[in-house]
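What follows is a set of notes on a single structure, which appears directly below.
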Amino acid sequence: MTETASVAPEPEAVGELYDRLLEAELEGGAFDPNLHIGYWEDPESDLPRAEAVVRFTDQHVDRLGVGPGARVLDLGCGVGGPALRAVERTGAHLTGVSISAGQVAHANRLVADAGLAGLAEFRHGNAMALPFDDESFDAVMAIESLIHMPDREQVLSEVRRVLKPGGRLVLTELSERAPRPAVRHPAVEEFCRVSMLTLADPDAYVPMLHRAGLRLRLFLDITDHTVQRNFRDLAKQIGDVDGLLFHPRDLVGVHEVGCFLAVADRP
Ligand SMILES: C[S@@+](CC[C@H](N)C(=O)[O-])C[C@H]1O[C@@H](n2cnc3c(N)ncnc32)[C@H](O)[C@@H]1O
Numbered sequence: 309m310t311e312t313a314s315v316a317p318e319p320e321a322v323g324e325l326y327d328r329l330l331e332a333e334l335e336g337g338a339f340d341p342n343l344h345i346g347y348w349e350d351p352e353s354d355l356p357r358a359e360a361v362v363r364f365t366d367q368h369v370d371r372l373g374v375g376p377g378a379r380v381l382d383l384g385c386g387v388g389g390p391a392l393r394a395v396e397r398t399g400a401h402l403t404g405v406s407i408s409a410g411q412v413a414h415a416n417r418l419v420a421d422a423g424l425a426g427l428a429e430f431r432h433g434n435a436m437a438l439p440f441d442d443e444s445f446d447a448v449m450a451i452e453s454l455i456h457m458p459d460r461e462q463v464l465s466e467v468r469r470v471l472k473p474g475g476r477l478v479l480t481e482l483s484e485r486a487p488r489p490a491v492r493h494p495a496v497e498e499f500c501r502v503s504m505l506t507l508a509d510p511d512a513y514v515p516m517l518h519r520a521g522l523r524l525r526l527f528l529d530i531t532d533h534t535v536q537r538n539f540r541d542l543a544k545q546i547g548d549v550d551g552l553l554f555h556p557r558d559l560v561g562v563h564e565v566g567c568f569l570a571v572a573d574r575p
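Residue numbers for the sequence shown, in the numbering used here: 309 to 575.
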């Protein structure tokens, strides 16, 4: 068991979900270039969520070990915010891939507007069968994206294939937490169902990385810096909106969702 879920996410449906979310954001005028949680060194600090989100990106970018001229893949790239940050922070060339065609079009516009089109490009593709040659990249980052993929081991094998020998993977996952409850809280079930995601199983993760041909360098539980503060801030931000399929306030105080960061190399 490498994950728990009632239903494995189906990539095409995940792509359509993100297309719809992007359209809704653009219509509502609330476009956010980052689609992941925040990182608070001190979860009780008054650091605004927008800044914490960029710090979460930096947890990945600063561990890639790349500089100008390197080629980096952003696996499950969203609308391009993290890739842009990686370009600015490292000078590397970023290639993003997403299963959402709408996100890809938007991300390409974002880098063009930032005058960085030569340093980043985005493609529509499925992480289960990456549209890249063997040994194309010096590093891969996957920020909260494997949660949506139906077979993590297959994705990690693809990552190994496209990494150059010595290349590095940095990823984050939302995960289960120990001790696992006999019955999951209904809000966790609903969160996973509506968001089309599965929580990773931390106990099974390192063997899976190794089976995929990657060598673990770091496995870090960052739950206390991320999850609950994130749900709290999002719940406040969203407020009393009715009719949402899922509201983050339902997960405030429910300590069954964790978050870990892993770094692994292709030997
Ligand atoms: C939570 S978002 C994170 C986006 C981005 N990494 C960020 O942090 O802003 C998950 C991303 O994974 C992508 N994704 C999910 N399943 C995928 C798949 N099978 N192949 C490629 N991308 C996928 C989604 O399209 C989306 O861009």
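Glycine included, each C-beta is placed from N, C-alpha and C at the ideal position. Since the model is a prediction, treat every value here as computed from it, not as a measurement.
Which residues bound the alpha helix (DSSP H) around G336? Stepping through the sequence shown from its first residue, residue 336 is reached at position 28. Note, G336: alpha helix (DSSP H), 319-336.
Beta-carbon proximity list for V361, same chain, < 6 Å, skipping 5 on both sides: Taking the first residue of the sequence shown as position 1, residue 361 is located at position 53. These residues qualify, in order along the chain: N342, G346.
C-alpha distance - E452 paired with A570, whole-angstrom precision: To locate residue 452, count along the sequence shown from 1; it is residue 144. To locate residue 570, count along the sequence shown from 1; it is residue 262. Distance between the alpha carbons of E452 and A570: 11 Å.
For H493, which residues in the same chain have their Cβ closer than 6 Å to its Cβ, ignoring the five residues on either side in sequence? Here the question's residue 493 lines up with position 185 in the sequence shown. The answer, listed in chain order, is V562, E564.
Within the continuous alpha helix (DSSP H) that includes P494, where are the two ends? Within the sequence shown, numbered from 1, the residue matching residue 494 stands at position 186. Bounds of the alpha helix (DSSP H) holding P494 are 494-503.
For a test of the three-state rule: what should DSSP assign to G426, helix, strand or coil? Looking up residue 426 in the sequence shown gives position 118. In the structure shown, G426 falls within a helical segment according to DSSP collapsed to helix, strand and coil.
Under 7 Å Cβ to Cβ from R626, same chain only, skipping five residues before and after it: list those, please. In this structure the chain extends from 309 to 575, so residue 626 is not present and cannot be described.
Taking C-beta to C-beta, are F499 and F568 nearer than 8 Å? Within the sequence shown, residue 499 is the residue found at index 191, counting from 1. Within the sequence shown, residue 568 is the residue found at index 260, counting from 1. With respect to F568, F499 sits apart: the two C-beta atoms are not nearer than 8 Å.
Spatial distance of D350 from G386 (CA atoms): Your numbering for residue 350 matches position 42 in the sequence shown. Your numbering for residue 386 matches position 78 in the sequence shown. Going by the C-alpha atoms only, they are around 27 Å apart.
Local conformation of L522 per DSSP, three classes: As a first step, residue 522 is located in the sequence shown; it is residue number 214 there, counting from the start. Coil.
Might you give, ordered along the chain, the residues of its own chain that have their beta carbon closer than 7 Å to the beta carbon of L424, omitting 5 neighbours on each side? On the sequence shown, position 116 is the one that residue 424 refers to. These residues qualify, in order along the chain: L392, V395.
According to DSSP, is A400 part of a helix, a strand, or is it coil? Looking up residue 400 in the sequence shown gives position 92. In the structure shown, A400 sits in coil (DSSP, three-state: anything other than H, G, I, E or B).
Measuring alpha carbon to alpha carbon, tell me which of R574, Y326, R537 ends up nearest V560. As a first step, residue 560 is located in the sequence shown; it is residue number 252 there, counting from the start. Nearest Cα to V560 within the set R574, Y326, R537: R537.
Uninterrupted alpha helix (DSSP H) stretches inside the stretch 442-471 (no shorter than 4 residues): For the stretch 442-471, whole alpha helix (DSSP H) runs of length 4 or above, ordered along the chain, are 460-470.
May I have the straight-line CA-CA distance separating L471 from L479, to the nearest angstrom? In the sequence shown, residue 471 corresponds to position 163, counting from 1. In the sequence shown, residue 479 corresponds to position 171, counting from 1. Taking the straight line from one Cα to the other gives about 14 Å.
Any heavy atom of ligand 1 within a distance shorter than 7 Å of the CB on L343? Translated into positions along the sequence shown, residue 343 becomes position 35. L343: yes, Cβ under 7 Å from ligand 1.
For E466, count neighbouring Cβ atoms within 10 angstroms of its own Cβ and tell me buried if that reaches 16, exposed if not. Taking the first residue of the sequence shown as 1, we reach residue 466 at position 158. Per the 10 Å Cβ criterion, buried.
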